[in-house]
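Asks:
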Amino acid sequence: MSPPYPKAHGLLNGKVTLVTAAAGAGIGYATARRCAEEGATIVLSDRHERRLSAAAESLAELTGVKPLAVPCDVTSQAQVLALFDAVAQAHGRLDVVVNNAGLGGTAPLAEMSDEQWHTVIDVTLNGTMRCTRAALRQMIPQGSGVIVNNASVIGWRAQRGQAHYAAAKAGVMALTRCVALEAAEHGVRVNAVAPSLAVHPFLAKVTSEELLAELAAKEAFGRSAEPWEVANVIVFLASDYSSYMTGEVVSVSSQHP
Numbered sequence: 007m008s009p010p011y012p013k014a015h016g017l018l019n020g021k022v023t024l025v026t027a028a029a030g031a032g033i034g035y036a037t038a039r040r041c042a043e044e045g046a047t048i049v050l051s052d053r054h055e056r057r058l059s060a061a062a063e064s065l066a067e068l069t070g071v072k073p074l075a076v077p078c079d080v081t082s083q084a085q086v087l088a089l090f091d092a093v094a095q096a097h098g099r100l101d102v103v104v105n106n107a108g109l110g111g112t113a114p115l116a117e118m119s120d121e122q123w124h125t126v127i128d129v130t131l132n133g134t135m136r137c138t139r140a141a142l143r144q145m146i147p148q149g150s151g152v153i154v155n156n157a158s159v160i161g162w163r164a165q166r167g168q169a170h171y172a173a174a175k176a177g178v179m180a181l182t183r184c185v186a187l188e189a190a191e192h193g194v195r196v197n198a199v200a201p202s203l204a205v206h207p208f209l210a211k212v213t214s215e216e217l218l219a220e221l222a223a224k225e226a227f228g229r230s231a232e233p234w235e236v237a238n239v240i241v242f243l244a245s246d247y248s249s250y251m252t253g254e255v256v257s258v259s260s261q262h263p
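In the numbering used here, the protein residues as written are 7 to 263.
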């Protein structure tokens, strides 16, 4: 049984916060909602324009403030630059970036095409790199900022059919640790979360009930996480409560190695 939805405490009051891959019903939208509830000024981004518009309308209904919504495909450097330029023009600063964009898939390596491998790596790892780089180019001159990357426990543990996704997420972890050292002297923190199983309608639609049940049974609580439970950890890492944390990958499950 899931715990009750948390009350807000103003942890991100006034912080301009960009969340990528924020359309839909998964961790991205849950994070945008939780950040907004904690007082952040939200910017939503996603490559699906229709769903992005719907997410912005939904957030406006919940919070009373319609967020800036900027379409962006993180595999395009030009679109990433346009996204960060739009944030700068609209708000004049950037305090938090949540790099949530990622792409999975299932295929044994012996049967995997180059295209399958490159697509997952380009969205999940290279996309995180592009957005992290763009964020640093704004945050370093202002002398402050927080970047939170969405990794996965699959970056630590093995799972059949997930070589491309696991490699990408392990890369996100390594990227996080290295960039954190480079950014620390400029007052910028870089951390990551590593969720395990967070079920939402889209995942339930494309994954068999048997597999979801098998994965849930491996969790300490015997259930999947709610997307907002992962978002709560992201909020903590984005907030001043984690001011001495950088270069960390925080497991949001019991599956840290």
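In this text, a Cβ means the ideal position worked out from N, Cα and C, and glycines have one as well.
#1: Are L259 and P201 touching if we call contact CB-CB under 8 Å?
#2: Could you check which residue in R56, Q148, K21 has the C-alpha nearest to that of V104?
#3: Determine contact between the region 161-175 and the region 102-121, defined as no fewer than three beta-carbon pairs at a distance below 8 Å.
#4: Leaving out the 5 sequence neighbours to the left and right, which residues in its chain are closer than 8 Å to R229 when beta-carbon positions are compared?
#5: From which residue to which residue does the beta strand (DSSP E) around N132 run?
#6: Quick one: what does DSSP say T81 is sitting in, helix, strand or coil?
#7: Is the distance from the Cβ of V196 to the Cβ of A189 below 8 Å?
#8: Among residues of its own chain, excluding the 5 on either side of L243, which ones have a beta-carbon nearer than 6 Å to its beta-carbon?
#9: For V129, which option in A96, S158, V80, G151 has the closest C-alpha, if you only look at C-alpha atoms?
#10: State buried or exposed for N19, treating a residue as buried only when at least 16 other CB atoms are found within 10 Å of its CB.
#11: Would you decide whether L17 is buried or exposed? Buried here means 16 or more other CB atoms lie within 10 Å of its CB.
#12: Exposed or buried, G34, counting other C-beta atoms within 10 Å across all chains shown (16 or more means buried)?
Replies: Based on what the coordinates show:
#1: Note that residue 259 is Ser in the sequence shown, not Leu. Yes.
#2: K21
#3: yes
#4: M7, S8, A222
#5: From DSSP, N132 is part of no beta strand (DSSP E); its letter is neither H nor E.
#6: coil
#7: yes
#8: V154, N197
#9: V80
#10: exposed
#11: buried
#12: buried
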